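Some notes on the structure that comes next.
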Amino acid sequence: MRVQGMMPYSENTPMSAPSLTVQTALADFDPVAALNAVSKEADWIGLRFACETHHHRSARNGHMESNRILQTRGVMIEALAEGQIAYAATSDLSSQGLRHAASLASEMARATAAQRRSDLSVAQRPASMARHEGPSRIRLDQISLEDFTGHLIQATQRLKVSDAIVTAVAEATLVESETHYVTSNGTDLRQHHLLSYQNFGAIAAEGSETQQRSLNGPTARCLQSGLESFDWDELLDACERTGQEALALLKAENCPDETMDLILSPDQMLL
């Protein structure tokens with residue numbers, strides 16, 4: 025897949041972007057035009073374009089830590105020839121790259137046609153049209169990068185309920201996922217999703233003892249939704265509670281470390 029790049033952040037980085045959306049340097053890709061350019065390579069051609077843009081933002085101890093953007097995109101091509109279907113994929117979205125992938129898929133279909141178990145035809149790929157937009161009430165272009173960054177920084181400040189909190193982290197990964205599938209017999213399917221991943225955590229330390237507490241763990245708060253999943257009033261209160269819980273763990277008695285009897289239930293005998 026093609027990588028657009030990563031944008032490092034420092035405290036001197038200007039926060040001039042009007043929203044969380046990003047204009048990439050990659051040229052727009054038209055799946056229909058690409059399909060028309062390679063449709064004669066086989067009896068039937070299907071082209072699936074996939075693009076994901078990852079926005080990763082994180083703050084640590086009251087300061088912005090990371091502001092990265094990664095975009096990947098590519099195409100998978102299906103080719104039907106002599107009753108057989110084969111596949112090829114490429115991240116080279118130039119005319120030459122697409123023709124090479126289509127030619128490769130067509131050649132593989134013809135090369136394996138003699139060993140096919142059944143005769144495939146366009147009937148196995150009937151034409152259909154559909155559009156699907158994932159649940160998203162608040163899109164990335166409706167919130168400024170500056171405001172979103174400010175909320176992350178504020179979350180780390182609420183996590184740090186005491187000087188004993190040595191590390192407070194707030195991070196979010198926002199993923200825009202787009203798929204567009206077209207075929208030479210008229211199929212046109214599109215879907216677009218916005219995914220959000222949230223992680224808020226605190227590390228408390230005193231002497232040689234350290235304890236870590238997070239808000240449901242680093243991977244539990246994963247949702248298919250827009251930015252409405254970031255209820256900052258609720259999250260900030262939860263961050264403060266998480267910081268307090270980290271302190272409570274730090275002050276709690278350790279588990280017994282002497283030799284003791286262990287009682288196992290029958291279903292635990294597998295241990």
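Residues are numbered in my numbering as their position in the sequence shown, beginning at 1, plus a constant of 24. We put the CB at the ideal spot given by N, CA and C, even for glycine. From a predicted model like this one, the values you see are computed outputs, not experimental measurements.
Item: Assigned secondary structure, residue 182 (DSSP; H/G/I helix, E/B strand, else coil); Value: helix
Item: Enclosing beta strand (DSSP E) for residue 4 [first to last residue]; Value: Outside the modelled stretch of the chain, which goes from 25 to 295, sits residue 4, for which no answer is possible.
Item: Neighbourhood of residue 177 by C-beta, 8 Å cutoff - its chain only, sequence neighbours within 5 removed; Value: 83, 86, 87, 88, 194
Item: Cβ-Cβ separation, residue 101 to residue 71 (assumed contact under 8 Å), whole Å; Value: 5 Å
Item: Neighbour-count burial assignment, residue 156, 16 or more Cβ in a 10 Å radius; Value: exposed
Item: Element boundaries [alpha helix (DSSP H), containing residue 269]; Value: 256 to 275
Item: Whole-number beta carbon distance between residue 192 and residue 183, since they are thought to touch under 8 Å; Value: 4 Å
Item: C-beta atoms of residue 125 and residue 213 nearer than 8 Å; Value: no
Item: Residue burial classification, residue 222 (beta-carbon count within 10 angstroms, cutoff 16); Value: buried
Item: Residue 150 CB to nearest heavy atom of the ligand NAD below 7 Å; Value: Judged by which ligands are present, the structure shown has none, so any question about the ligand NAD falls away.
Item: Residue 105 (DSSP reduced to helix, strand or coil); Value: strand
Item: Secondary structure of residue 59, DSSP reduced to three states; Value: helix
Item: contact_flag[the stretch 228 to 242, the stretch 200 to 215] where n(CB pairs < 8 Å) is 3 or more; Value: no
Item: Under the three-state DSSP convention, the category residue 69 falls into; Value: strand
Item: CA-to-CA distance, residue 77 to residue 112, given in whole angstroms; Value: 23 Å
Item: Rounded separation between residue 278 and residue 241 - CA only; Value: 22 Å
Item: Segment limits, beta strand (DSSP E) that includes residue 222; Value: 212 to 230
Item: Residue 95 classed as buried or exposed, judged by whether at least 16 other C-beta atoms fall within 10 angstroms; Value: buried
Item: Backbone secondary structure at residue 177 - three-state DSSP; Value: helix
Item: Local conformation of residue 282 per DSSP, three classes; Value: coil
Item: Buried versus exposed call for residue 288 [16 or more other C-beta atoms within 10 Å across all chains shown]; Value: exposed
Item: Residue from 220, 276, 264, 56 with nearest C-alpha to residue 162; Value: 220
Item: Range covered by the alpha helix (DSSP H) that runs through residue 155; Value: It is not in any alpha helix (DSSP H) - residue 155 instead sits in the beta strand (DSSP E) that spans 153 to 157.
Item: Close beta carbons around residue 140, own chain, < 7 Å, minus the five adjacent residues each side; Value: 107, 108
Item: Top-ranked residue by Cα proximity to residue 52, from 276, 273, 148, 118; Value: 118
Item: Continuous beta strand (DSSP E) stretch holding residue 245: start and end; Value: 245 to 248
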